[in-house]
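Protein sequences, first through last, are from chains A and S.
Anchor point for the first sequence: position 7 equals 251 in the numbering used here, and the numbering is continuous, going up by one each time.
Anchor point for the second sequence: position 132 equals 1331 in the numbering used here, and the numbering is continuous, going up by one each time.
Okay, structure first, notes after.
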Amino acid sequence: MRRQRRESRVHERYLRHSKKFPNIWCAGCGIGIVLGAIIRAVDGLQLDKDDVAMISGIGCTGRMPVYVDFNTMHTTHGRALAFATGLKMVRPEMKVIVVMGDGDALAIGGNHFIHAARRNIGLTAIVVNNLTYGMTGGQYSPTTPIGALATTAPYGHIEQPFPIAELAVAAGAAFVARSTVYHVRELEKYIARAINVEGFAVVEAVSYCHTTLGRLNRWGTAPEMMRRLKENSVTLKQAESMSEEEKRGKIVRGIFVEQEIPEYTRLYDRIIERAQQRTSLQVETA
Amino acid sequence: MTTGRIAKELSPASGVLMQGDEACAEGAIAAGCRFFAGYPITPATEIAEALARRLPQVGGKFIQMEDEIASIAAVIGASVGGAKAMTATSGPGFSLMQENIGYAAMAEIPCVIVDVQRLGPSTGRPTSPSQGDVMQARWGTHGDHPIIVLAPSSVRETFDLTVQAFNFSERYRTPVILLMDEVIGHMRERVILPDPNTIERVERASTTVPPEWYKPFENFPADVPPLVPFGEGYRYHITGLHHDERGYPTARLDEIQPWLERIFRKIESSLSDILLYDKDGIEDAETLVIAYGAAARSARHAVELARERGRKVGFLKLKTLWPFAEEVVEHAAARLHHVVVPEMNLGQLALEVERVVGRHKVRRVNRADGEMIQPAEILAAIEDWELAR
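Okay, structure coming up:
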């Protein structure tokens, strides 16, 4: 109880009080849990609010930045990472947190996602994976499981889902972790680590949408779907000793990669040095 | 290497031989541009190549993004961070950028978008000139919004109008489109660039109010509220949704309407600053030629030929295409019955001229096959009117 009260006071310090509540999310949604985890992670790192930017795209998760007292920007669908890339280039000292849903980050924004990872630019990408397009009412997304019903898959979904964390690892991210909105302490810890990473860091937060996909598939109420996240997930360590058959349909949680590779804006600083040395040499020899 | 040489020889009295695309890059540097994001595309690639060399020399930053959508997004992000920022592309890339150009108009983020037009539609002919994007530059993104579009017709003018594009974008907090074309972009001319110290540079207005009072989208008293960069202690929200004066999403009509009125007012009340044009011989003219961009070069030649033959021909070269200089055109054509509008498209700006002066006064001269419009074609139209009289 005491901890809860202390935490709600932490949240109070970071939420905007002018005009912006109640929020737009359905009661029982997991997105608010991710926002809480981000706020506590930022608070734990004792970052100055002025030095934190939160950038989002479109969708339910895209609405997250408006509620928090950072430098916030709600951009176009799928493009949050590209906007954030420009901001980070000219403000490399800022902590730029990019929040996206699965459709935003991996369908319309999939190209930006893999290229930001490849480039290893110092952004913290948090993908709230609720397996669907919630805001538009439950269409299939790049992470909807095969066989699930969606409003655009009335006879069952036939496409393979993207494993977000594994994709980020393959694309070259410096840090990749996955947790769920049930494992909120773990999620908070991963987010804090991701913010501190020099380079592109991805945290996949597996969530659910009980009002669209959940209802359509009779997956139960929000608490029941939350219980599924608990019962249906295993740690990376547990997964190591499991067969492929046993792992099927399980959410594997943990840190998938944590590596030191040169960060993009730091590398670019060297480009500036090189260009300026060359120019001054030319002027001297002229 | 070339650029190093250019940098050293920027303002010799004898001038330098320079391409339009290079002049655009140098104009950007001179205007204070310190961020460029782009994607390779003919005939605009040279702008990116020049800035990849030049920007780090002046402490600026260049990035080649994964596509044009990302390029304009990064430019807007950089501008929010406080840098003067630009991207450059051609038709296919310009089409991809449209959604985010609308975002910049909606969120009032200064930025410069260069479109070196090539023959379209679709992939068209990448190395052939065209003026086919005039209407797209005005209406390419969805929804009603103001925009400023400038069109140079020489290498030196490309330099000047690039500087001007940055100045307008910062002064009016708006995206500005520099509408070049393949002829202007690839053509080399001897140019004498101005002394950098004499160039007027508009810097973004700063605010004096404390952060808790700051309203980044305030409607009164000024039409252009200051935009404080992220990271400087003024934490606020930017969105592509309709928003209130603090930037928070709104559906209230009493918040949307004043905003809408202001973003148009900020442009329309400053037409005397924004509308750039050259006119000559209009006072006693019997025929008026209105042209812009590469076609203005042929048009000027045609006007000279016609005058040599004793005809009274006035010439109006528009450098600002949008907002359309309707009063300027109306005034110039007031007593005339013949207005010739040559364009390297099937008639785009002619629609505006016709709207203002009346359809029956206008003779269009069009070419949309990827070839430069010829002075003889324009001359024929001028003389045709003369004969008809």
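Backbone N, C-alpha and C fix where the C-beta goes; we use that ideal spot for every residue, glycine too.
For this session: Any chance you could list the alpha helix (DSSP H) runs of at least 4 consecutive residues sitting entirely within the segment 1275 to 1340 of chain S, in chain order?
Result: 1290 to 1306, 1333 to 1338
For this session: Return the CA-CA distance between S:Trp1458 and S:Arg1337, expressed in angstroms with no decimal places.
Result: 20 Å
Exercise. Could one say the Cβ of A:Ser423 lies closer than 8 Å to chain S's Cβ atoms, at least one of them?
Worked result: no
For this session: Report yes if the CB atom of S:Ala1269 is closer than 8 Å to the CB atom of S:Phe1234, and no otherwise.
Result: no
Exercise. For S:Ser1468, which three-state DSSP category applies?
Worked result: coil
For this session: Using a Cβ cut-off of 8 Å (strictly closer), state whether S:Leu1578 contacts chain A.
Result: no
Exercise. Got a sec: is the Cβ-Cβ distance from S:Ile1149 to anything in chain A below 8 Å?
Worked result: Coverage of chain S is limited to positions 1200 through 1588, which leaves residue 1149 of chain S absent and any answer about it impossible.
Exercise. Within 10 angstroms of its Cβ, does A:Leu375 collect 16 or more other Cβ (buried), or is it exposed?
Worked result: buried
For this session: Taking C-beta pairs closer than 7 Å, name the residues in chain A that S:Glu1298 reaches, listed in chain order.
Result: Thr320
For this session: Assign A:Lys339 to one of two classes, buried (16 or more other C-beta atoms within 10 Å of its C-beta) or exposed (fewer than that).
Result: buried
Exercise. Taking Cβ-Cβ distances shorter than 8 Å, what residues in chain S pair up with A:Thr316?
Worked result: Arg1434, Tyr1435, His1436, Ile1437
Exercise. Which residue from A:Arg362, A:Tyr377, A:Ile365 puts its Cα closest to that of A:Asp348?
Worked result: A:Tyr377
Exercise. In three-state DSSP terms, what is S:Lys1207?
Worked result: A caution first: S:Lys1207 carries a pLDDT of 48, below 50, which makes its placement in the model too unreliable to give a value.
Problem set entry | Separation of S:Ala1505 from A:Thr320, as counted between CA atoms | 52 Å
Problem set entry | Strand pairing of A:Ile341, partner residues [DSSP] | A:Met298, A:Thr368
Exercise. Is the beta carbon of S:Pro1242 sitting closer than 8 Å to the one on S:Glu1381?
Worked result: yes
Exercise. Given that A:Ser262 touches chain S, what residues does it touch there, using C-beta distances under 9 Å?
Worked result: Arg1445, Tyr1447
Exercise. Can you tell which of S:Glu1503, S:Gly1569, S:Pro1522, S:Asp1453 has the C-alpha that lies nearest to the C-alpha of S:Asn1544?
Worked result: S:Gly1569
Problem set entry | Own chain residues within Cβ distance below 7 Å of A:Cys270, not counting five before or after | Thr455
Exercise. Looking only at its own chain, which residues have a Cβ that is under 6 Å from the Cβ of S:Gly1237, when we skip the five neighbours before and after it?
Worked result: Ala1247, Ser1270, Thr1286, Ala1287
Problem set entry | Min CB distance S:Phe1429 to chain A below 8 Å | yes
Exercise. Listed from N- to C-terminal order along the chain, which residues in the segment 276 to 296 of chain A have their beta-carbon within a distance smaller than 7 Å of any beta-carbon of chain S?
Worked result: Lys293, Asp294, Asp295
Exercise. With 16 other CB atoms within 10 Å as the buried threshold, where does S:Ala1575 fall?
Worked result: exposed
Exercise. Counting Cβ pairs closer than 8 Å, one from the segment 383 to 391 of chain A and one from the segment 356 to 365 of chain A, do we hit at least three?
Worked result: no
Problem set entry | Residue range of the unbroken alpha helix (DSSP H) whose run includes A:Leu457 | 457 to 460
Exercise. Whose C-alpha, out of A:Ser451, A:Asp292, A:Asp295, A:Gly416, is nearest the C-alpha of A:Gly276?
Worked result: A:Ser451
For this session: Take S:Met1200 and list the residues in its own chain whose beta-carbon comes closer than 8 Å to its own, dropping the five residues that flank it on each side.
Result: With a pLDDT of 39 at S:Met1200, under the threshold of 50, the modelled position of this residue cannot be trusted, and the question is left open.
Exercise. In chain order, what residues of the same chain have a beta carbon less than 7 Å from the beta carbon of A:Ala415, not counting five sequence neighbours either side?
Worked result: Ile358, Ala361, Arg362
For this session: Inspect the CB distances between the segment 1399 to 1413 of chain S and the segment 1339 to 1359 of chain S and report whether three or more fall short of 8 Å.
Result: no
Exercise. Going along chain S in order, which residues have a C-beta closer than 8 Å to the C-beta of A:Met379?
Worked result: Within 8 Å Cβ-Cβ: nothing; A:Met379 doesn't reach chain S, min ~13 Å.
Exercise. Quick one: does S:Ala1236 have its CB under 8 Å from some CB of chain A?
Worked result: yes
For this session: Examine chain S for any beta-carbon lying closer than 8 Å to the beta-carbon of A:Gly443, and answer yes or no.
Result: no
Problem set entry | Whether S:Ser1497 touches S:Met1571 by CB criterion (8 Å) | yes
Exercise. For a contact meaning CB atoms closer than 8 Å, what does A:Thr515 contact in chain S?
Worked result: The displayed chain sequence assigns Ile, not Thr, to residue 515 of chain A. Residues of chain S passing the Cβ test: Pro1255.
Exercise. Would S:Thr1326 be called buried (16 or more neighbouring beta carbons within 10 Å of its own) or exposed?
Worked result: exposed
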